[in-house]
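Trainee:
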Amino acid sequence: MISPDAPLRLTLDTEALVANWRWLAQAGGRAACGAAVKADAYGLGARQVVERLAAAGCRDFFVATWAEAAALGDWPDGLSLSVLHGVREADVPFAQGSRARPVLNSIGDVRRWRAAGGGPCDVMIDTGMNRLGLAPEDTRTALLDGLEIRTLMSHLACADEDHAMNEAQLFTFRGLKGAIAATRYSLANSAGVCLGARYAFGLTRPGIALYGGIPRPEADGHIRQVVRVEAQVLQRRRVPQGGSVGYGATFVAERATEIAVLNIGYADGYLRIFSGGTGRARAGGVPLPVIGRVSMDLTAVDVSAMPDVAEGDWVEIDYNLSETARLSGLTQYELLTLLGRRYQRRWV
Ligand SMILES: *Cc1c(COP(=O)(O)O)cnc(C)c1O
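Following the numbering used here, the numbering of the sequence shown begins with 34 at its first residue and continues without gaps.
Below is the structure:
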């Protein structure tokens with residue numbers, strides 16, 4: 034028996050994804066443009082994103098962990114997959130049999146990789162963020178001698194802002210490039226690509242902008258939304274004057290109000306932040322403000338202006354990433370990665 038479709042869905046736009054990758058590739062000048070597909074491609078579906086971007090010409094992909102590499106399954110020759118979080122002892126057996134490369138972040142990672150027999154790897158150097166990566170001093174020893182370094186990388190802490198750290202990290206990374214031999218060098222995430230081709234080196238690693246996030250104003254007007262959120266109307270009802278809606282009875286109708294109860298809630302990443310008019314759905318372009326509190330699986334919207342919205346209809350939830358980030362105080366990254374497992378994900 035076919036299981037029924039979920040009453041909520043994400044529509045994912047292949048053309049927009051590919052157009053975003055092409056814009057980022059072009060903004061990176063001569064650098065190859067890769068793709069961060071960690072966290073299941075920020076919730077869109079890593080396998081589906083890799084297939085689409087590979088078909089467009091993308092060759093370099095990044096996941097966080099070996100579990101994510103395993104979940105991707107097999108991939109065709111000619112693609113490269115890097116595992117950003119290094120190689121723990123427990124990862125070694127899988128890593129040895131995998132075509133993915135570890136990104137070595139610590140002295141321990143380097144030792145484990147050598148002890149496991151080595152082979153092609155990437156190396157992350159910390160140039161000031163103090164997150165993952167070797168300290169530049171560590172690389173002035175014999176630590177890296179003889180390693181087959183495919184990509185030497187570092188990560189920008191403040192690329193989404195005009196911050197003095199950007200130029201400082203660029204300067205440090207240039208010095209490292211002169212001192213450590215690698216096939217390619219890579220510094221820029223999405224926001225870093227927007228800082229200009231000086232930051233691109235041989236390979237860029239955008240994530241959020243591929244998926245519709247606007248990391249800096251330079252990307253505005255070029256990056257297209259990839260994800261549309263829609264929920265089905267489960268019930269339409271009339272709330273009489275003085276009637277309340279939802280938990281806590283935070284909404285009380287000043288006049289008789291028509292509402293639609295939608296199959297979406299905070300368990301789907303549609304957080305309570307969107308309660309009480311902060312969030313909106315939309316039908317035929319008309320905004321339908323959220324009424325009362327968002328609950329775990331359900332959200333009510335005002336459809337008084339829309340007599341035709343009926344049970345079974347699909348309505349779109351306003352989820353433009355940069356606008357919704359401003360409205361909610363959440364980041365564009367959180368907005369995407371919050372979207373849960375209950376959606377049907379439809380690629381068009
Ligand atoms: C997540 C990540 C990226 C992609 O960053 P965006 O800001 O989403 O473009 C690139 N490099 C590293 C090391 C990352 O962890």
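Glycine included, C-beta positions come from ideal geometry on N, C-alpha and C.
Would you kindly work out how many angstroms separate the C-alpha atoms of Trp146 and Thr44, rounded to a whole number?
Mentor: On the sequence shown, residue 146 is found 113 positions in, with the first residue counted as 1. On the sequence shown, residue 44 is found 11 positions in, with the first residue counted as 1. Trp146 and Thr44: Cα-Cα distance of roughly 41 Å.
Trainee: The alpha helix (DSSP H) spanning Arg217 covers which residue range?
Mentor: Position 184 of the sequence shown, counted from the first residue, corresponds to residue 217. Unbroken run through Arg217 is the beta strand (DSSP E), Arg217 to Ser219; no alpha helix (DSSP H).
Trainee: In the structure shown, what three-state DSSP assignment does Ile158 receive?
Mentor: For the purposes of this step, residue 158 is identified with residue 125 of the sequence shown, where counting begins at 1. In the structure shown, Ile158 sits in a strand (DSSP, three-state: E or B).
Trainee: Determine, using beta carbons only, whether Phe307 and Val319 come nearer to each other than 8 Å.
Mentor: Indexing the sequence shown from 1 puts residue 307 at position 274. Indexing the sequence shown from 1 puts residue 319 at position 286. Not a contact, by the Cβ cut-off of 8 Å.
Trainee: From which residue to which residue does the alpha helix (DSSP H) around Trp14 run?
Mentor: Outside the modelled stretch of the chain, which goes from 34 to 381, sits residue 14, for which no answer is possible.
Trainee: Taking C-alpha atoms, which residue in Trp99, Trp108, Ile140 and Gly106 lies nearest to Ala123?
Mentor: By 1-based counting over the sequence shown, the position of residue 123 is 90. For Ala123, the nearest C-alpha among the options comes from Trp99.
Trainee: Report yes or no: do three or more beta-carbon pairs, one from the stretch 105-118 and one from the stretch 268-282, lie closer than 8 Å?
Mentor: Touching, no, given that fewer than three Cβ pairs across the two stretches are closer than 8 Å.
Trainee: From Asn222, Ile350 and Ser131, pick the residue whose C-alpha is nearest to that of Cys154; which is it?
Mentor: As a working mapping, residue 154 is identified with position 121 in the sequence shown. Taking only the C-alpha atoms, the option nearest Cys154 is Ser131.
Trainee: If you check the beta carbons only, do Val342 and Ala293 fall under 8 Å apart?
Mentor: Start at 1 with the first residue of the sequence shown, and residue 342 comes out as number 309. Start at 1 with the first residue of the sequence shown, and residue 293 comes out as number 260. In contact: Val342 and Ala293 (Cβ atoms closer than 8 Å).
Trainee: Let's see if you can read the secondary structure: which residues bound the alpha helix (DSSP H) around Leu114?
Mentor: Translated into the one-based positions of the sequence shown, residue 114 becomes position 81. From DSSP, Leu114 is part of no alpha helix (DSSP H) but of the beta strand (DSSP E) over Ser113 to Val116.
Trainee: Give me the residue from Tyr218, Asp171 and Arg85 with the minimum Cα distance to Tyr232.
Mentor: Walking along the sequence shown from the start, residue 232 turns up at place 199. Comparing Cα-Cα distances from Tyr232 to each of Tyr218, Asp171 and Arg85, the minimum goes to Tyr218.
Trainee: Do Leu114 and Phe94 count as a contact pair if the criterion is CB distance below 8 Å?
Mentor: Numbered from its first residue, the sequence shown carries residue 94 at position 61. Numbered from its first residue, the sequence shown carries residue 114 at position 81. Yes, they are a contact pair.
Trainee: Counting Cβ pairs, one atom from each stretch, are 3 or more of them under 8 Å apart for the stretch 50-69 and the stretch 238-258?
Mentor: They touch, by the three-pair rule.
Trainee: Is Asp38 near Gln377, with beta carbons less than 8 Å apart?
Mentor: Here residue 38 refers to the residue found at position 5 of the sequence shown. Here residue 377 refers to the residue found at position 344 of the sequence shown. Going by C-beta atoms, Asp38 is nearer than 8 Å to Gln377.
Trainee: Please tell me whether Gly161 and Ala190 are closer than 8 Å, where the distance is taken between their beta carbons.
Mentor: The residue labelled residue 161 in the question sits at position 128 within the sequence shown. The residue labelled residue 190 in the question sits at position 157 within the sequence shown. Their beta carbons are under 8 Å apart, which means Gly161 touches Ala190 by this criterion.
Trainee: Going along the chain, which residues put their C-beta within less than 5 Å of some heavy atom in ligand 1?
Mentor: Selection output, chain order preserved: Ala69, His188, Asn222, Ser223, Arg238, Pro239, Gly240 and Ile241.
Trainee: DSSP three-state label for Glu349, please.
Mentor: To locate residue 349, count along the sequence shown from 1; it is residue 316. Note: Glu349 maps to strand in three-state DSSP.
Trainee: With C-beta atoms as the reference, is Gly362 less than 8 Å away from Ser328?
Mentor: Against the sequence shown, residue 362 aligns to sequence position 329. Against the sequence shown, residue 328 aligns to sequence position 295. The answer is no: Cβ separation not under 8 Å.
Trainee: Could you give the uninterrupted runs of the alpha helix (DSSP H) lying entirely in the stretch 210-265, keeping only those of 4 residues or more?
Mentor: Runs of the alpha helix (DSSP H) inside the stretch 210-265: 223-227.
Trainee: Could you pull the start and end residues of the alpha helix (DSSP H) that Ala89 belongs to?
Mentor: Indexing the sequence shown from 1 puts residue 89 at position 56. Run containing Ala89: Ala79 to Ala89, per the alpha helix (DSSP H) assignment.
Trainee: Pull up the distance between the alpha-carbon of Gly235 and that of Cys91, whole angstroms please.
Mentor: Working through the sequence shown from its first residue, we reach residue 235 at position 202. Working through the sequence shown from its first residue, we reach residue 91 at position 58. Distance between the alpha carbons of Gly235 and Cys91 is about 14 Å.
Trainee: By alpha-carbon positions, which one of Arg238, Val226 and Ala282 ends up nearest to Pro250?
Mentor: For this step, residue 250 is matched to residue 217 along the sequence shown. The candidate whose alpha carbon is nearest that of Pro250 is Val226.
Trainee: How many Å lie between Thr370 and Arg144 at the Cα?
Mentor: The sequence position of residue 370 within the sequence shown is 337, counting from 1. The sequence position of residue 144 within the sequence shown is 111, counting from 1. Cα to Cα, Thr370 sits roughly 33 Å from Arg144.
Trainee: For Asn138 versus Leu165, is the C-beta distance shorter than 8 Å?
Mentor: Along the sequence shown, read from residue 1 onward, the residue named residue 138 stands at position 105. Along the sequence shown, read from residue 1 onward, the residue named residue 165 stands at position 132. Yes, they are a contact pair.
Trainee: Using DSSP bridges, identify the partner residues of Arg42.
Mentor: By 1-based counting over the sequence shown, the position of residue 42 is 9. Glu263 and Gln377, per the DSSP bridge assignment.
Trainee: Can Ala41 and Asp253 be called in contact, C-beta distance under 8 Å?
Mentor: By 1-based counting over the sequence shown, the position of residue 41 is 8. By 1-based counting over the sequence shown, the position of residue 253 is 220. Per the sequence shown, the amino acid found at residue 41 is Leu instead of Ala. Contact flag unset, no.
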